[in-house]
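Visitor: In full-length UniProt numbering, the protein residues as written are 1 to 342.
#1: Alpha carbon to alpha carbon, how far is residue 118 from residue 148? Give it in angstroms, no decimals.
#2: Give me the DSSP bridge partner(s) of residue 135.
#3: How long is the line joining the alpha carbons of residue 310 and residue 102, rounded to whole angstroms?
#4: Tell me which residues share the same chain as residue 233 and place their Cβ nearer than 7 Å to its Cβ, disregarding the 5 neighbours each side in the sequence.
#5: Just to confirm my understanding: we take residue 92, look at its own chain, exclude 5 residues before and 5 after, and list those with CB closer than 8 Å. What are they?
#6: Can you pull the DSSP bridge partners for residue 302?
#7: Assess, as a yes-or-no matter, whether the segment 206 to 221 is touched by the segment 249 to 263 under the definition of 3 or more beta carbon pairs within less than 8 Å.
#8: Have a look at 203, 163, 200 and flag the residue whose alpha-carbon is nearest the alpha-carbon of residue 186.
#9: Roughly how many angstroms lie between the CA atoms of residue 55 and residue 200, to the nearest whole one?
#10: CA-CA distance, residue 221 and residue 98?
#11: Scan the segment 77 to 105 and note each continuous beta strand (DSSP E) run of 3 residues or more that stays entirely inside, going in chain order.
#12: Assuming residue 411 and residue 128 form a contact by the criterion Cβ under 8 Å, report the distance between their Cβ atoms to the nearest whole angstrom.
#13: Below 7 Å between beta carbons: does that hold for residue 168 and residue 189?
#14: According to DSSP, residue 343 sits in a beta bridge with which residue or residues?
#15: Check for me: the alpha helix (DSSP H) holding residue 220 runs from which residue to which?
#16: Taking just the CA atoms, how far does residue 259 sit from residue 170?
#17: Rounded to the nearest angstrom, what separates residue 155 and residue 109 at their Cα positions?
#18: Identify whether residue 345 lies in helix, strand or coil by the three-state DSSP scheme.
#19: Just the C-alpha distance for residue 122 and residue 307, rounded to the nearest angstrom, thanks.
#20: Roughly how many angstroms separate the alpha carbons of residue 64 and residue 217, rounded to a whole number?
#21: Using 7 Å as the threshold, is the C-beta distance between residue 52 and residue 106 below it?
#22: Using a Cβ-Cβ cut-off of 7 Å, state whether residue 47 counts as contacting chain D.
#23: Measure the CB-CB distance between residue 150 and residue 116 and report whether it falls below 7 Å.
#24: Is DSSP giving residue 45 helix, strand or coil here?
#25: What I want to know is whether the C-beta of residue 109 ends up closer than 6 Å to one or more non-hydrogen atoms of the ligand GTP.
#26: Any contact of the segment 295 to 306 with the segment 272 to 283, i.e. 3+ C-beta pairs under 8 Å?
#27: Quick test of your reading: residue 264 and residue 82, contact by CB under 8 Å. State the CB separation rounded to the nearest angstrom.
#28: So, helix, strand or coil for residue 200, using DSSP?
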């Protein structure tokens, strides 16, 4: 090789150029986002709006496919079965096939908490990892608080408000004496999230009432597991926002759906109401523990994670910077305290 280079000097120059170029390329630092350059304490992500827009375009295609699928198996929604029997016509389907998690999470999608029952697929936990005054509500957790404990471990400023009608405290992962993050939690027993305020054996509270009691106007992550009451509760919660055109008061929703006795047209209209309010499913996980324990019935329970794509919550937009504070390098105080702007 050396002999060839001596006979052809021009190849020596080319060889040196390639060698130096390769060295400079390989030794250059890997490009990273400066997450503190735009807004102190928040992850700056200039490409986020474009990712959200692309995800919404893809999701709209799935909505059209859903209507085609209804015509194929209906042809009207009233003729579609939730869990059809194992017989013709084929191909087979279940209700969940009409509502896939087709909106791509624009951040990391991470299963937070324990494997199996208790953990939740969370979109962009990094977005609230350093967010001051991060607010999380959790309704219904029974004995397990693996998700809540993991969220507290993965964030610096998040505080969790927990509610359960039948328990006196968070599950063992948070309530255990060795857990060091419990100072960022609040728990209220004998309270159940519902479609209206009602002081009876169920002691129902609407989300609006609970938020007013706590002095909150926005929730970063709302987690709901209320054993079938989610349909009436969410309809009563969401409908006024759709009618008024106002933004929902939360950025991300984790919810377990229990479709016991539900008819497809009723489920479809409920789902479309959530879509009209700006909620998009980024993850779905069937409750296989329930399927295993109840093999004679269908897969009637499923965990969904939704993003609210309307407004400028932390999961779909960087918070606005205040031009009057440090030359625009600090977040708008209104956003820190209350979430999206009106």
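For every residue, glycine included, the Cβ atom is placed at its ideal position computed from N, Cα and C.
Guide: On the basis of the supplied data:
#1: Using only the alpha carbons, I get a separation of about 9 Å.
#2: DSSP output for residue 135 lists 159 as bridge partner(s).
#3: Rounded to the nearest angstrom, the two C-alpha atoms are 17 Å apart.
#4: Excluding its 5 nearest sequence neighbours in each direction, residue 233 has C-beta neighbours in its own chain below 7 Å: 193, 194, 195, 226, listed in chain order.
#5: Hits under 8 Å: 84, 86.
#6: Answer by DSSP bridge pairing, in chain order: 257, 286.
#7: Touching, yes.
#8: Minimum Cα distance to residue 186 is reached at 163.
#9: Roughly 44 Å between the two C-alpha positions.
#10: Roughly 25 Å between the two C-alpha positions.
#11: Those beta strand (DSSP E) runs which fall completely within the segment 77 to 105 and span 3+ residues do not exist here.
#12: With the chain covering only 1 through 342, there is no way to say anything about residue 411.
#13: For residue 168 and residue 189, yes; Cβs fall inside 7 Å.
#14: The first residue shown for the chain is 1 and the last is 342, placing residue 343 beyond what the model contains.
#15: Here residue 220 belongs to no alpha helix (DSSP H); instead the beta strand (DSSP E) covers 219 to 224.
#16: Annotation: residue 170 to residue 259 spans about 26 Å, alpha carbon to alpha carbon.
#17: Per the coordinates, the alpha-carbon of residue 155 lies some 16 Å from the alpha-carbon of residue 109.
#18: Limits of the chain in this structure are 1 at one end and 342 at the other, which puts residue 345 out of reach.
#19: Each residue's alpha carbon lies about 10 Å from the other.
#20: Roughly 34 Å separates the two Cα atoms.
#21: Yes, these two residues count as a Cβ contact at 7 Å.
#22: Going by chain labels, chain D is absent from the structure shown, which holds only one protein chain.
#23: Taking 7 Å as the Cβ cut-off, residue 150 and residue 116 do not qualify as a contacting pair.
#24: Of the three classes helix, strand and coil, the one that applies to residue 45 here is coil, per DSSP.
#25: The ligand content of the structure shown is nil, which means the ligand GTP is not present either.
#26: Three or more Cβ pairs drawn from the segment 295 to 306 and the segment 272 to 283 lie within less than 8 Å of each other, which places the two stretches in contact.
#27: Confirmed, about 6 Å.
#28: Three-state result, residue 200: coil.
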